[in-house]
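Some notes on the structure that comes next.
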Amino acid sequence: MKYDHFNEENLWKPGRLAQRCRDRLHRKLVSGLSVTRVFEVGPGLGEFADWCRRNGIVYRGMESNDRLRDRLLAQGYEVMPGRAPSLPAELPDGVDAIFASHLIEHLAGTEEALQFVQNAHALLSRSGGRWLILLYPDIDRCREMFWQDYTHSFVTTRKRIDDLVVDCGFRVHRSGRYTACFFRTSRLISALRHITLYFLLPRKIAWFARLSYQQHSFTIAERRPQATGP
């Protein structure tokens, strides 16, 4: 099934360092948004779900891959079946934010990307939520590496995503490039990735590229309230 290779990914020894970097990333993204309930589209291996559980945030998700969904259900997470750009009509008890990490680039072009963001806006409107948080590879930075994943179809850059969310009724609250630990270690990790022969082995250079996050961007979009009256 599509995306089965994510389920078969084995994290090797530096995985705990990667988890610390991801935890700091998630904390930075959610900071200041008053988020207590989230809905994640495409949770994959459940890295954000784990962070939410540890931080007392009510988590729900939607995953299209049966193996990945079963894995998360076995860990006690509430994850429904479904495939973007479709989203549920509403969520019981509401939701503050919709989170989608490295999902939008897998949609089949501009029309599906538009439909997904429009559906996210509609779901937030019905559920009383405000925030759409998107993480994605930035082709301006990663260039040909963007196409190494055969499932990448919608080209993503900060400008394209920022314009997309504005056209769908959001305003850009914050967007930028994200890096490991955000500031301190990413340059060192990136330098090691480039200058040390040991890290030139394909699996290791790919892991350090993922850890350094030098090639990825984020957009935090706030739902604009609908105008009322004349």
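Position one of the sequence shown corresponds to residue 30 (the numbering used here), numbered consecutively onward. All C-beta atoms in this analysis are idealised placements derived from N, C-alpha and C, irrespective of residue type, glycine included. In this text, all values refer to a predicted model and were calculated from it rather than measured experimentally.
Among the candidates the options, whose CA atom is the shortest distance from the CA of residue i?
| i | options | result |
| --- | --- | --- |
| Q144 | L193, D99 and V59 | L193 |
| A113 | C50, H202, R253 and H131 | H131 |
| Y207 | L164, R189 and R172 | L164 |
| Y179 | Q48, H135 and M91 | H135 |
| P110 | F128, G123 and G71 | G71 |
| I162 | H245, C50 and S204 | S204 |
| R253 | S246, F247 and H202 | H202 |
| H245 | K188, R82, F68 and S93 | K188 |
| F274 | C50, Q104, V108 and S93 | Residue numbering for the chain in the displayed model covers 30 to 259; residue 274 lies beyond these limits and cannot be assessed. |
| F183 | R66, I133, C171 and L62 | I133 |
| G123 | I190, R66, L62 and V146 | R66 |
| V195 | C50, I249, N94 and L62 | I249 |
| I190 | Q177, V146 and A137 | V146 |
I'd like the list of long-range same chain contacts for residue i, defined as Cβ closer than 8 Å, with 5 residues on each side in sequence excluded.
| i | result |
| --- | --- |
| E118 | Here the sequence assigns Ala to residue 118, which means Glu is not the residue at that position. Within the same chain, A118 has close Cβ partners L152 and R155. |
| V64 | I86, D125, A126 and W160 |
With 16 as the cutoff for other CB atoms within 10 Å, does residue i come out buried or exposed?
| i | result |
| --- | --- |
| P316 | An answer regarding residue 316 cannot be provided, because it is not within the stretch 30 to 259 covered by the chain. |
| N148 | buried |
| N84 | exposed |
| S60 | exposed |
| F212 | Note that F212 has pLDDT 43, beneath the 50 cutoff, so the model's placement of it is unreliable and the number below is only indicative. Under this definition F212 is an exposed residue. |
| R98 | buried |
| G157 | exposed |
| A129 | buried |
| E173 | exposed |
| Y227 | Here Y227 scores only 45 on pLDDT, less than 50, and its place in the model should not be relied on; the value that follows carries that caveat. Its Cβ having fewer than 16 others within 10 Å, Y227 is exposed. |
Compute the distance between the beta-carbons of residue i and residue j, then report whether it is under 8 Å.
| i | j | result |
| --- | --- | --- |
| D167 | T186 | yes |
| G75 | L101 | yes |
| E251 | R200 | yes |
| F247 | L58 | yes |
| H150 | G73 | no |
Please return the same chain residues whose Cβ sits closer than 7 Å to the Cβ of residue i, not counting the five positions on each side in sequence.
| i | result |
| --- | --- |
| D52 | W80 |
| Y106 | G75, A78, Y88 and G90 |
| Q266 | This structure gives no information on residue 266, because the portion of the chain shown stretches from 30 to 259. |
| H55 | F77 and W80 |
| H181 | E134, H135 and F175 |
| Q177 | none |
By Cβ distance, which residues of its chain are closer than 6 Å to residue i, with the 5 residues on each side in sequence left out?
| i | result |
| --- | --- |
| L116 | N148 and L152 |
| E92 | P72, R98 and V108 |
| L62 | W160 |
| A137 | S182 |
| Q104 | none |
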